[in-house]
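In this note's numbering, the protein residues as written are 470 to 1087. Virtual Cβ for every residue (Gly too), placed ideally from N, Cα, C. Working notes, structure below.
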Amino acid sequence: MRETVRLTMAQALVKFLTKQYVSVDGEKSRFVRGVTGIFGHGNVVGIGQALEQYKDEIPFVAGKNEQEIAHACTAFAKQNRRRAIYACTASIGPGSLNLVTAAGTATVNRIPLLLFPGDIYADRQPDPVLQQMENEADYTVSVNDALKPVCRYWDRILRPEQLMTAMLNAMRTLTDPAKTGAVAICLPQDVQGEAYDYPVEFFQERVWYLDRTPACEDAIARAAEIIKAAKKPVLLSGGGVRYSDAGKALYELSAACGIPVCETQAGKGEIDCDYDLYLGCAGICGTLCANLITKDADVVIAVGTKLNDFVTNSKYGFQDSAKMVGINISRMDAMKLDGEGIVADARAGLEALTKALTGYKSQWGGQVAEAKKLWEEERSRMAAIELPDGFSQTRALLELNSILTEEENIVAASGSLPSDLERVWNTKRQGQYHLEYGFSCMAYEISGALGVKFAEPQREVYAFIGDGGFLMGHSDLVTSLQERKKINVLLFNNNGHQCIHNLQRSQGSDTFGTEFRYREDQTGELSGGYLPIDFCKVAEGYGAKSYRVHNASELKAAIEDARKQTVSTLIEIVVLPGTMTGGYANFWRVGTAEVSEKPAIQEAYKKLHEVVKTLRKY
């Protein structure tokens, strides 16, 4: 007879998690490194009891907000190049609903995130229970159904034995480079505690092999033919290059064929910034040199990128006649913009393409060097900015770029900071630059820094965050203190959502609801003085060390002292509004009002749509 062990569903779940491994290029490692979350009545006596029972085998980290601690899980997986994860549990109702944003962030960024939201009673006997939302048209629905659109796999365990097929499907999805993202396994409260005689083999060590998908020879031949016919091809490196360890292969193709390299936010840092054919990031937040070169390219070789509008300049960044070649593990992404698709692991695809292009050389001549010179002049200008009224944001970032060392990590996600970092930050090591910009999710930054710290505890990590992002979510600053995982928060205080404020003004509008100002009694508008928020006191109240700086020398001194601390720190950097980088040969298609009484908006609409008429259609 088959040997069995009687466990609750929750106990079986946790025991299963401890036995999951991944193997990449023959190197095996444990996949699920721990569980995070917040306990409530919908999970504490179920999966909470199981986690307590197996606490010596799998650690638990207590979050303070479900969305934020799930972001930390995403960051941990991203920093580990999708080869290790933390799972996250939440209680029924609002706790589980808080996971939706984090799930969307993970899925959009193609990062594995395993969620265990508590759910309503499967037997329905206590219904309606506390925090249950009843749907009169469909009583099987709970708030957890809101997770379906943002997950790559979703399941609800209505019987304890369903756990076995559900978790195998979950692991299959999480370890599939083409399909990975958020996975939600919903856990009804009663079923968590129900026992079943599980087969012992379900808990045997299981290895998930992340095999490299080879490139089809015919696809390589078709792509090589297109590139060989071109004079000015360009490489566009995305996150897939990072996750497949393809930086070396990318460089070898570029060097062999003389093809310049641009990056996306997700791919930034895989190529040495000192390389003569490196141009930085392309797109709406791209460098001048990258955008000039991509605009003149006759072939764009997009590697491991989903080609969103910030990468393509809303399709303004490439010639209408430029041909596209895509190397991507996802067939959908490989063939975007009507491209010739190579469905393959990024490294395998690049290596095969390099062989097929033996003897080929681009004809860029001195154009790349000239474009790089223009950008270096602009970067030097920004580094020298001295303003009589205060500190420039771009100057602060360039100072930080020179102060922070190769061994230190940075994290950012939203507002004007990602665009500025994308343009001006020169990475010093693969994996140093950690940006969430697939979703550009506010409140990711501090949680992301915590996740990166869990992934690489030996390194200092710095969260770059605006005052708007900090106000939206910073609970994991407390978690970092609780776990003794020191992080450093670099809070850029410019009195509001200045990135969006700039967008307003660029399209002919005035300031409206984007700055942190008092409401005026006389006008009823948010046009009074700036709110005097003391972010340092907030951090100090949690137990962190804080600093406030107004110039380059104060910033350097604060960083040097923060390195000496054993607790998390917050450095409030007071910068002037509107002192971020501008646009460089870029275009962003936004929904400017077609009808308005304001002449400035009318003019903005006219200018926008004159460009729209010229864009690639597909």
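If you draw a straight line from the Cα of residue 798 to the Cα of residue 681, it comes to about 9 Å.
In the three-state reduction of the DSSP assignment, residue 903 falls in the strand class. Bounds of the beta strand (DSSP E) holding residue 489 are 489-493.
DSSP places residue 675 inside the beta strand (DSSP E), whose first and last residues are 675-678. Within the same chain, Cβ atoms closer than 8 Å to the Cβ of residue 983 are found at 965, 966, 967, 969, 970, 973, the five residues on either side in sequence being excluded. Closest in C-alpha terms to residue 726, from the list 587, 822, 1001, 716, comes 822. Pairwise C-beta distances place the stretch 759-767 out of contact with the stretch 1058-1067, as fewer than three of them are shorter than 8 Å. Around residue 1044, the same chain offers 859, 860, 861, 862, 865, 961, 962, 963 as residues with beta carbons nearer than 8 Å, after the five sequence neighbours per side are excluded. When the beta-carbon positions are compared, residue 856 and residue 880 stay at least 9 Å from each other.
Excluding residues up to 5 positions away in sequence, 809 lie with their Cβ nearer than 7 Å to the Cβ of residue 691 in the same chain.
With the rule of 3 Cβ pairs closer than 8 Å, the stretch 480-489 counts as touching the stretch 667-683. Residues 785, 789 of the same chain have their beta carbon placed closer than 8 Å to that of residue 1083, with the five preceding and five following residues left out of the count. Listed in chain order, the alpha helix (DSSP H) elements of length 4 or more contained wholly in the stretch 565-600 are 568-577.
Annotation: the continuous alpha helix (DSSP H) that includes residue 1011 extends over 1004-1011. Listed in chain order, the non-local C-beta contacts of residue 648 below 7 Å within the same chain comprise 621, 642, local neighbours out to five positions each way being set aside.
Between the stretch 501-519 and the stretch 557-566 there are three or more inter-stretch CB-CB distances shorter than 8 Å, so the stretches are counted as touching. Its chain contains 730, 740 as the residues whose beta carbon lies nearer than 6 Å to that of residue 747, once the 5 sequence neighbours on both sides are disregarded; these appear in chain order.
Residue 485 carries a helical assignment under DSSP once its states are collapsed to helix, strand and coil. Here DSSP, grouped into helix, strand and coil, assigns residue 989 to coil. Following the DSSP letters along the chain, one finds residue 545 inside the alpha helix (DSSP H) bounded by residues 535-548.
When DSSP states are grouped into helix, strand and coil, residue 623 belongs to the strand group. Using a C-beta cut-off of 8 Å, the stretch 593-608 makes no contact with the stretch 567-574, since fewer than three inter-stretch Cβ pairs fall below that distance. Around the CB of residue 1064, fewer than 16 other CB atoms lie within 10 Å, so the residue is classed as exposed. When rounded, the separation of the alpha-carbon atoms in residue 891 and residue 835 is 24 Å.
Beta-carbon to beta-carbon, residue 568 and residue 584 are separated by about 5 Å, close enough to satisfy the 8 Å threshold.
Inter-residue distance for residue 955 and residue 701 is about 47 Å (C-alpha atoms, whole angstroms). Contact between the stretch 525-545 and the stretch 703-714 is absent, with fewer than three C-beta pairs closer than 8 Å.
Only exposed fits residue 475, as fewer than 16 other CB atoms lie within 10 angstroms of its CB. By the neighbour-count criterion, in which 16 or more other beta carbons inside 10 Å mark a residue as buried, residue 976 falls on the buried side. In this structure the stretch 770-783 touches the stretch 801-820; the number of beta carbon pairs closer than 8 Å is three or more.
The residue from 640, 608, 1016, 532 with its alpha-carbon nearest to that of residue 490 is 640.
As the crow flies, the alpha-carbon of residue 1039 is around 19 Å from that of residue 871.
By the CB criterion at 9 Å, residue 894 and residue 902 fall inside the cutoff. Excluding residues up to 5 positions away in sequence, 800, 803 lie with their Cβ nearer than 6 Å to the Cβ of residue 812 in the same chain. Collapsing the DSSP output to three states places residue 1023 in a helix. When the Cα atoms are used, residue 846 and residue 1050 turn out to be separated by approximately 14 Å.
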